[in-house]
Structure formats: C-alpha cells, structure tokens
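Sequential numbering from 1 applies to the sequence shown in UniProt numbering.
To keep things clear, I will list the structure first and then write my remarks on it.
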Amino acid sequence: MMEEQGNNELDASDDNDTFPMSVNKEGNRSVVSQNKRKRGLSDKDRIVTALEKLFEVSEKMMQLVTNAFLKGNEDRYDIAKEVKEIGFSAMDQIKALKIILDKLQTVSLFKSLDADIKKAFVEQLLNENA
C-alpha cells in the first residue's frame, strides 16, 4: 500500500510537472508569436513613417520647383518700362533686358536702385557685356 501511495504521488507530481510544462510551452509559443507580431507592426510602422516623410519632402520640393518656375515666368513689364524710360535705344533696351533678366540677383539689384542710379547701372552692364 505504501508503494502504491508513493507511485500515486509520483504520478500526481508527474501530472503537475507535465501540465505546467505544456502550458508553459503553449504560453511561450503565444509570447513568441506576439513578439513577432509586435516586431512586424513596428517594421510596418517604420515603413509607413518613412513613406510619409518621403511624401512630405517630395511635396515641399515640388512646391519649390513650381514656385521657381512661376517666378522665372513672371511678367517683367515693369523692368522693361523702366529701362525704356531711362532713354536707351531699342537695341540697347533689348540687350539690357536680356542681361538684367538673366539672373534673379541682377533683377533684385536693379529694382532696389534709385531711378538716377539705374541708368549708370544699365550702362555698366551693357559695357561689361559688349
């Protein structure tokens, strides 16, 4: 009887050992699969974030290109009118406008000058590019 009781205790302890082990194995599998899902989501999140940033940068760059294109095609009648009012010949006006409008920096400089200095500025441009 003692022997049977000992065997029963061993069997009971075996059952206890087996049960938690199987739960642990299943629990471990569950944790591993959850970790994989979490990693997968974070990878997806990183990809989505990277794509969103790429689109933001692309949008900004396209806006800059569009602005530069539109600015380059602005009507510069005001500059043509000022060069004409200075009193240059038609050929000198054309040459001066080509030189002035060629660079945005020159346009800005011309527009910032006082009327009495613009004539000297245009004459200098024509002489430098003769």
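No residue lacks a Cβ here, since even glycine has one placed at the ideal position from N, Cα and C.
- In terms of CA proximity to Lys118, Lys84 leads the group Lys84, Met91, Ser58.
- In the three-state reduction of the DSSP assignment, Asp114 falls in the coil class.
- Of the residues assessed, Ala115 falls on the exposed side of the cut-off, its CB having fewer than 16 other CB atoms within 10 angstroms.
- Counting along the chain, the unbroken alpha helix (DSSP H) around Lys95 starts and ends at 90-102.
- For Ala80, the enclosing alpha helix (DSSP H) covers residues 77-86.
- For the pair Leu125 and Ile86, the CB atoms are not nearer than the 8 Å cut-off.
- Between Leu97 and Ala80, the C-beta gap is smaller than 8 Å, which places the two residues in contact.
- Here Val122 is near Phe88, since their CB atoms are less than 8 Å apart.
- Put simply, the backbone Cα of Leu109 is about 40 Å away from that of Glu52.
- Taken atom to atom, the span from the alpha-carbon of Lys95 to that of Asn129 is near 9 Å.
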